[in-house]
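K.L.:
Submitted below is the structure of interest, expressed as structure tokens.
Right under this line is the structure:
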């Protein structure tokens with residue numbers, strides 16, 4: 003049986019949602035369990051448009067597989083799901099999204115691992131649109147079903 007490492011660290015995100023096109027910045031705290039050939043990841047994150055008009059909180063989980071055995075930089079790919087609480091002006095929406103991940107991780111033998119990822123997230127199921135202050139039902143914004151390509155980078159210890 004392969005031994006597993008537990009890695010924890012911050013991740014920064016730059017997302018350009020479609021529709022929307024105004025960039026959103028964010029951050030997350032990752033917990034990753036890595037073996038020789040794969041990683042299971044859990045993340046708790048938030049992101050917001052610079053003007054504060056939109057944003058979200060999310061919990062994500064993913065499984066990725068290493069695509070090589072280099073000691074310097076190793077590519078990996080996989081996918082997962084996210085549970086999200088999204089905010090659009092005065093509307094709050096709960097959503098479930100699917101994500102695809104392609105990444106590159108440094109020096110798997112070192113004490114700290116740098117990584118950079120391209121992620122694509124598609125909101126699949128959005129429900130429970132409510133007024134953020136009153137809690138009354140609201141129409142579902144079109145942005146609740148948006149597609150989100152992003153570049154993400156972080157460090158794991």
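Residue numbers (the working numbering): 3 to 159. Note that CB positions come from ideal geometry on N, CA and C, so glycine has one too.
1. Let me check understanding here. Comparing Cα to Cα, which of 14, 26 and 134 lies closest to residue 89?
2. Alpha carbon to alpha carbon, how far is residue 78 from residue 106?
3. Straight-line CA distance for residue 131 to residue 141?
4. Hey, out of 18, 115, 147 and 10, whose CA is closest to residue 73's CA?
5. In the DSSP assignment, find the beta strand (DSSP E) that holds residue 122 and state where it starts and stops.
6. Give me, in chain order, the residues of the same chain whose beta-carbon lies closer than 6 Å to that of residue 102; leave out the 5 immediate sequence neighbours on both sides.
7. Quick one: residues in its chain with C-beta nearer than 8 Å to the C-beta of residue 5, no 5 flanking neighbours on either side, listed in chain order?
8. I need the boundaries of the beta strand (DSSP E) containing residue 157, first residue and last residue.
9. Measuring only the C-alpha atoms, how far is residue 42 from residue 21?
P.N.:
So, from the data block:
1. 134
2. Their backbone Cα atoms lie some 6 Å apart in a straight line.
3. 6 Å
4. 115
5. Per DSSP, the continuous beta strand (DSSP E) segment holding residue 122 begins and ends at 115-133.
6. 81 and 122
7. 37
8. 149-158
9. Cα-Cα distance, rounded: 30 Å.
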